């Protein structure tokens, strides 16, 4: 049986690699003319490192990853520290794996290289976007954008936020626009004059805004991400979330934060979207994976992690299915992943409100966070303990 995967992003190639490790033959059908990832940094919690180890790419990535000493929240208005989590010592003892940050292209590239090392099992095909699919008995018949038809025994739709596969299965329309927009930029470390925070992963939190900074590429560059909760979007205006609005919303922050905006690229912005959790990812021998199944906001840094977990769980279910039908196996995969992914989605929204708190909510956040201690991991413990697959 050949398994078809629509989408060659982190989720798609992770699933392909996990399935190939179990001996399955896979065709990855990527819409773009070449495989690649858009964006800069990505955070990898211990649960993600566990997946990378299972996928056999952990050691290849450790050379280009950066391992911050702490997760730090700073108040962007007062400049004072709100909370800190030590990522060494007790953290490593509790979760086994580290917390790291890495360039998205490095992560995606390592997964691709591992797939390419299995040419007898993994076929990577570009300019092959999913247009539609249908089931004919035990066969999945897939029509591509250019009119070609391909056939397999199963289809995994890992085709992202605006998944074609999701619309055929769930028919639930466009994703939910959050009104949050991100701008990003990466600069060489030699251009960074204030290095007080560069050994940590730091989030500067303020009313309707935050700024995240951490090092990438083995610590040689500084990744900067500023996010605003757009008032112009709430008012229904067009062209909201640009740098003019960013500078206006950040105008009340401390000089360090305002100065960091010079590191932000003005070429492109990312509008943050998610969906309300919804079951029913599976129809016949087709199912959803990653953002196609459960897109989430970035506030827990778990989008790619959840996609990798999906792939590992799905491969394990397929390997152990015995005489169980493919549909029943995919239903079991969905059941195992649905509530964990739903909790990530809804908690990410809540953490966005915490980061962007103003007024009394900001005061309460800072008061409660100051009491937490540097080795208290209760907010993320259920995430970082990972999965049993």
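In my numbering, the protein residues as written are 18 to 406.
Ideal Cβ positions, reconstructed from N, Cα and C, are used throughout, including at glycine.
All of these numbers come straight from a predicted model, not from anything done at the bench.
If you draw a straight line from the Cα of residue 220 to the Cα of residue 143, it is about 37 angstroms long.
Buried is the label assigned to residue 280, since at least 16 other Cβ atoms lie within 10 Å of its Cβ. Rounded to whole angstroms, the separation of the alpha carbons of residue 371 and residue 378 is 8 angstroms.
The criterion of a C-beta distance shorter than 7 angstroms is satisfied by residue 28 and residue 306.
C-alpha of residue 396 to C-alpha of residue 18: approximately 42 angstroms in a straight line.
One thing to note: residue 284 has its Cβ no nearer than 7 angstroms to the Cβ of residue 404.
Rounded to the nearest whole angstrom, the CA to CA distance from residue 86 to residue 239 is 15 angstroms. Nearest Cα to residue 126 within the set 330, 75, 229, 156: 75. Judged by their CB atoms, residue 223 and residue 160 are not nearer to each other than the 7 angstroms cut-off. In terms of CA proximity to residue 217, 98 leads the group 54, 98, 39, 385. In the structure shown, residue 19 falls within a strand segment according to DSSP collapsed to helix, strand and coil. About 39 angstroms separates the beta carbon of residue 249 from that of residue 299, a gap too long to meet the 8 angstroms contact definition. By the Cβ-count criterion, residue 384 is exposed, with fewer than 16 other Cβ atoms from all chains shown falling within 10 Å of its own Cβ. Around the C-beta of residue 47, 16 or more other C-beta atoms lie within 10 Å, and the residue is accordingly described as buried.
Contact check between the segment 63 to 80 and the segment 194 to 211: fewer than three CB pairs, one atom from each, fall below 8 angstroms, which does not count as touching. For residue 194, the beta-bridge partners assigned by DSSP are 290. Its Cα nearest to that of residue 179, the residue 146 stands out among 359, 268, 146.
In terms of Cβ geometry, residue 83 and residue 183 do not form a close pair [threshold 7 angstroms]. By the criterion of a C-beta distance shorter than 7 angstroms, residue 113 is surrounded in its chain by 63, once the five residues flanking it on both sides are discounted. When only Cα atoms are considered, residue 226 and residue 132 end up about 39 angstroms apart. When the five nearest sequence neighbours on each side are left out, the beta carbons in the same chain lying within less than 6 angstroms of the beta carbon of residue 200 are those of 243, 281, 286, in order along the chain. Assignment of residue 87 by DSSP, reduced to helix, strand and coil, places it in the strand class.
Taking residue 401 as reference, the option from 322, 337, 374, 354 with the minimal CA-CA separation is 322. In its chain, beyond the 5 residues on either side, 81, 120 have a beta carbon closer than 7 angstroms to the beta carbon of residue 234. For a cut-off of 8 angstroms, the C-beta gap from residue 173 to residue 20 is around 7 angstroms, short enough to register as a contact.
Within 10 angstroms of the beta-carbon of residue 150 lie 16 or more other beta-carbons, which makes it buried. Residue 346 carries a helical assignment under DSSP once its states are collapsed to helix, strand and coil. Using a Cβ distance threshold of 7 angstroms, residue 291 and residue 313 count as a contacting pair.
Using a Cβ distance threshold of 7 angstroms, residue 30 and residue 128 count as a contacting pair.
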